[in-house]
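Note that the protein sequences, when read in sequence, are chains A and B.
Each step along the first sequence adds one to the number in my numbering, with nothing skipped, and position 97 is 97.
Each step along the second sequence adds one to the number in my numbering, with nothing skipped, and position 71 is 184.
C-beta atoms are modelled at their ideal positions from N, C-alpha and C, and glycine is treated no differently.
Take a look at the structure set out below.
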Amino acid sequence: KQEVTQIPAALSVPEGENLVLNCSFTDSAIYNLQWFRQDPGKGLTSLLLIQSSQREQTSGRLNASLDKSSGRSTLYIAASQPGDSATYLCAVPHRSNTGKLIFGQGTTLQVKP
Amino acid sequence: EPEVTQTPSHQVTQMGQEVILRCVPISNHLYFYWYRQILGQKVEFLVSFYNNEISEKSEIFDDQFSVERPDGSNFTLKIRSTKLEDSAMYFCASSRANSNQPQHFGDGTRLSIL
Chain A
1 KQEVTQIPAA
11 LSVPEGENLV
21 LNCSFTDSAI
31 YNLQWFRQDP
41 GKGLTSLLLI
51 QSSQREQTSG
61 RLNASLDKSS
71 GRSTLYIAAS
81 QPGDSATYLC
91 AVPHRSNTGK
101 LIFGQGTTLQ
111 VKP
Chain B
114 EPEVTQTPSH
124 QVTQMGQEVI
134 LRCVPISNHL
144 YFYWYRQILG
154 QKVEFLVSFY
164 NNEISEKSEI
174 FDDQFSVERP
184 DGSNFTLKIR
194 STKLEDSAMY
204 FCASSRANSN
214 QPQHFGDGTR
224 LSIL
């Protein structure tokens, strides 16, 4: 059974710092991995989808890496800003290939001005 | 940019009543999903829907739940007889494909059962 874990649960950094969020999964037979952002009381905003054949995917100040063999993904945020404060979730599709996503519990990031 | 829209944003209902949560997926998407998030817990999959039928449903999605695509634009989740433990944030999502395209989520409906 696929389990997705995110560490740390919460992170507080001063503005301008580069930071790394971690996501691990137990079943390495994944098609892709998706990173989301969730603001309080809001829905999920898709940030990056990294395919199983890729090692990295970049969007602006965000860079996601994927190491299937070790069951890990990282989301790197460069030059963090207070507007980056949110909960970041990672999710992987279930083996059933019906689109079902299995989520981690998220990392809540606070960037202090 | 096209987005998934959900209504209402907040629904308060008495236990035992029926509720219908509504979603308008992105127009050229073919796969539709419902997830829920109980306060403080992980986002959980409920059901996936493609070609007018359920592709997969979770253990949570028992016979009190149903989904429907009544026309070319709406996708609904019905809970027939609500329970206190149905209180959660319900998210609709859609995607162009089931495995290699991102899922796009709506802002959710907060369902409160009294």
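Residue 82 of chain A, DSSP secondary structure in three states: Counting from one through the first sequence, the residue named residue 82 of chain A turns up at place 82. Of the three classes helix, strand and coil, the one that applies to residue 82 of chain A here is helix, per DSSP.
Using alpha carbons as the reference points, say which of B:214, B:128, B:224 and B:181 lies closest to residue 194 of chain B. By one-based count along the second sequence, residue 194 of chain B stands at place 81. Ranking the options by Cα distance to residue 194 of chain B, first place goes to B:128.
By the criterion of Cβ-Cβ separation under 8 Å, what are the contact partners of residue 179 of chain B in chain A? Here residue 179 of chain B is taken as the residue at index 66 of the second sequence, counted from 1. Those within 8 Å of residue 179 of chain B in chain A number zero; the least Cβ separation is about 17 Å.
Would you tell me roughly how many angstroms separate the C-alpha atoms of residue 66 of chain A and residue 207 of chain B, rounded to the nearest one? Within the first sequence, the letter at position 66 stands for residue 66 of chain A. Within the second sequence, the letter at position 94 stands for residue 207 of chain B. Using only the alpha carbons, I get a separation of about 24 Å.
Using beta carbons (cut-off 9 Å, strictly below), is residue 88 of chain A in contact with chain B? The residue labelled residue 88 of chain A in the question sits at position 88 within the first sequence. No, its Cβ sits nowhere closer than 9 Å to a Cβ of chain B.
Cβ of residue 124 of chain B within 9 Å of Cβ of residue 222 of chain B? Position 11 of the second sequence holds residue 124 of chain B. Position 109 of the second sequence holds residue 222 of chain B. A contact, by the Cβ cut-off of 9 Å.
Out of curiosity, what's the CA-to-CA distance linking residue 161 of chain B and residue 29 of chain A? Taking the second sequence and counting its residues from 1, one reaches residue 161 of chain B at position 48. Taking the first sequence and counting its residues from 1, one reaches residue 29 of chain A at position 29. Going by the C-alpha atoms only, they are around 20 Å apart.
For a test of the three-state rule: what should DSSP assign to residue 114 of chain B, helix, strand or coil? The residue given as residue 114 of chain B occupies position 1 in the second sequence. Residue state, collapsed to three classes: coil.
In the DSSP output, which residue or residues are listed as bridge partners for residue 202 of chain B? In the second sequence, residue 202 of chain B corresponds to position 89, counting from 1. Answer by DSSP bridge pairing, in chain order: B:150 and B:223.
For the segment 77–90 of chain A against the segment 32–47 of chain A, are there 3 or more C-beta pairs whose distance is under 8 Å? yes
Can you list, in chain order, the residues of its chain with a C-beta nearer than 7 Å to that of residue 15 of chain A? Leave out the 5 residues immediately preceding and following it. Residue 15 of chain A sits at position 15 when you count from the first residue of the first sequence. Excluding sequence neighbours, residue 15 of chain A sits near 80, 81, 82, 111, 112 and 113.
Within 9 Å of any Cβ in chain A, is that where the Cβ of residue 165 of chain B sits? In the second sequence, the residue the question calls residue 165 of chain B occupies position 52. With 9 Å as the cut-off, residue 165 of chain B does not count as an interface residue toward chain A.
Cross-chain neighbours of residue 76 of chain A in chain B, by beta carbon under 9 Å: Walking along the first sequence from the start, residue 76 of chain A turns up at place 76. In chain order: nothing, as chain B lies at least about 19 Å away.
In whole angstroms, what is the alpha-carbon distance linking residue 23 of chain A and residue 225 of chain B? Locating residue 23 of chain A in the first sequence gives position 23, counting from the first residue. Locating residue 225 of chain B in the second sequence gives position 112, counting from the first residue. Rounded to the nearest angstrom, the two C-alpha atoms are 31 Å apart.
Less than 9 Å between the beta carbons of residue 146 of chain B and residue 100 of chain A, yes or no? Taking the first residue of the second sequence as position 1, residue 146 of chain B is located at position 33. Taking the first residue of the first sequence as position 1, residue 100 of chain A is located at position 100. Against a cut-off of 9 Å, the Cβ pair of residue 100 of chain A and residue 146 of chain B comes out as a contact.
Looking at C-alpha atoms only, which residue of B:171, B:180, B:198 and B:199 is the closest neighbour of residue 190 of chain B? For the purposes of this step, residue 190 of chain B is identified with residue 77 of the second sequence, where counting begins at 1. Comparing Cα positions, the closest option is B:180.
Tell me which same chain residues have a C-beta within less than 8 Å of the C-beta of residue 13 of chain A, skipping the five on either side of it? Locating residue 13 of chain A in the first sequence gives position 13, counting from the first residue. The answer, listed in chain order, is 19, 80, 109, 110, 111 and 112.
Please look up how many angstroms separate the CB atoms of residue 136 of chain B and residue 213 of chain B, rounded, as I've assumed it's under 8 Å. Translated into the one-based positions of the second sequence, residue 136 of chain B becomes position 23. Translated into the one-based positions of the second sequence, residue 213 of chain B becomes position 100. With a Cβ gap of about 22 Å, residue 136 of chain B and residue 213 of chain B do not count as contacting.
Residue 33 of chain A: contacting residues in chain B (beta-carbon distance under 7 Å): The sequence position of residue 33 of chain A within the first sequence is 33, counting from 1. Those within 7 Å of residue 33 of chain A in chain B number zero; the least Cβ separation is about 11 Å.
Tell me whether residue 75 of chain A is buried or exposed, calling it buried when 16 or more other Cβ atoms sit within 10 Å of its Cβ. Counting from 1 along the first sequence, the entry for residue 75 of chain A is found at position 75. Buried is the call here.
Give, in chain order, every unbroken run of the beta strand (DSSP E) that is at least 3 residues long and sits entirely within the segment 18–104 of chain A. 19–25, 32–38, 44–51, 56–59, 62–67, 72–77, 86–93 and 101–103
Take residue 158 of chain B and list the residues in its own chain whose beta-carbon comes closer than 6 Å to its own, dropping the five residues that flank it on each side. Numbered from 1 along the second sequence, position 45 holds the residue referred to as residue 158 of chain B. Within the same chain, residue 158 of chain B has close Cβ partners 148 and 171.
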